[in-house]
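Reviewing the structure listed below.
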Amino acid sequence: MIVKDVMTTKLVTVTPDDTLSHAANLLRQYQFHHLPVVQASDTYSQQGPLYFEGLLTSQDIDLAVALATQETGDAPQRPWQERRVSEVMHRASMRVTTTTSVAAAAQILVERGLNCLPVVEYEQAEERTRTLLVGLLTRSDLLIALARALGAFEPGMQLVIPLPLGNPAPLAHMLLLAAELHVQVRSIMAAPLEGGVPHVALVRLGTINPTPLLMRLQEANIQYMFAEPHIEGDVHGHA
């Protein structure tokens, strides 16, 4: 899976010349924590490709407000609301492209402690390279992508198959039985890791009537548990 598959493309942006008051209103209105800063190729109509300039975060505005309240002196100070985005934004050197893997992007977000990553493409024009903003990848996007990968938005149910000492044989046997019974498997995840070895596999089934498969699992002495919280207390693992 690549960034293009999960990124946000409906963007709310500001320009370097916008005021912090305008940016703060957008952050409040949409309940965002960051805004991409762009220049449109057609400045007059604000249409066409968006050239990426940087990011403005709610923390940037909070800092500008704090500094404004601390400023002293005889000369009148400009209110923070009138300051321009270009004065406080940061260049956001960490970026990804549409073909970056989701795993690599997630690693950057976690290791750098970031909440979002600009998704860019590069345009060569007049002997210089310009950066085009094509999307934004947030932690929320990754969580939604994970839920979709696990089949959370599709009808079905999830089984937990123990993998003793990381042995995938129970999972392989379970998949063969599912294929034999024509039970659709929507997703498989082997996690979490213990010492680098997965000890369970989470299997999302595309059925709400798993009884035939469960009976075959019991006959084959394959342990399983239900992952859905609302039935965990009612159904126990079988051996």
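Note that my numbering gives residue 80 to position 80 of the sequence shown, counting from 1, and the numbers run on in steps of one.
Beta carbons: idealized from backbone N, C-alpha and C, even for Gly.
Check whether residue i and residue j have beta carbons under 8 Å apart
| i | j | result |
| --- | --- | --- |
| H34 | L55 | yes |
| D60 | M94 | no |
| A191 | L202 | yes |
| L117 | T8 | no |
| V120 | F52 | yes |
| L109 | R139 | yes |
| Q81 | L163 | no |
| T15 | V85 | yes |
| L150 | R112 | no |
| R267 | L177 | The structure shown has nothing for residue 267, since the chain only spans 1 to 239. |
| L133 | L50 | yes |
| I161 | Y122 | no |
| P198 | G166 | yes |
| D58 | L27 | First, the residue type needs correcting, since residue 58 is Ser and not Asp in the sequence shown. Going by C-beta atoms, S58 is nearer than 8 Å to L27. |
| A66 | P79 | no |
| E127 | G206 | no |
| L142 | A92 | no |
| A320 | H173 | In the structure displayed, the chain extends from 1 to 239; residue 320 sits before or after that span and is not available. |
Reduced DSSP secondary structure (H/G/I, E/B, other) of residue i
| i | result |
| --- | --- |
| L150 | coil |
| V38 | strand |
| V3 | helix |
| A259 | With the chain running from 1 to 239 in the structure shown, residue 259 is simply not present. |
| A227 | coil |
| V14 | strand |
| T131 | strand |
| P210 | coil |
| T8 | strand |
| Y44 | With a pLDDT of 48 at Y44, under the threshold of 50, the predicted position of this residue should be treated as unreliable, though the coordinate-derived value follows. If DSSP states are grouped into helix, strand and coil, Y44 belongs with coil. |
N-terminal and C-terminal residue of the alpha helix (DSSP H) that residue i is part of
| i | result |
| --- | --- |
| H22 | 20–30 |
**OP:** Enumerate, from N- to C-terminal direction, the unbroken beta strand (DSSP E) stretches of 3 or more residues contained entirely within the region 53–123.
**Re:** none
Original post:
Three or more C-beta pairs closer than 8 Å, one from the region 1–8 and one from the region 95–103: is that the case here?
Top reply: yes
**OP:** Output the residue ranges of the beta strand (DSSP E) runs that lie fully inside the region 152–190 and measure 3 residues or longer, sorted by chain position.
**Re:** 157–162, 185–190
Original post:
Three or more C-beta pairs closer than 8 Å, one from the region 210–219 and one from the region 181–190: is that the case here?
Top reply: yes
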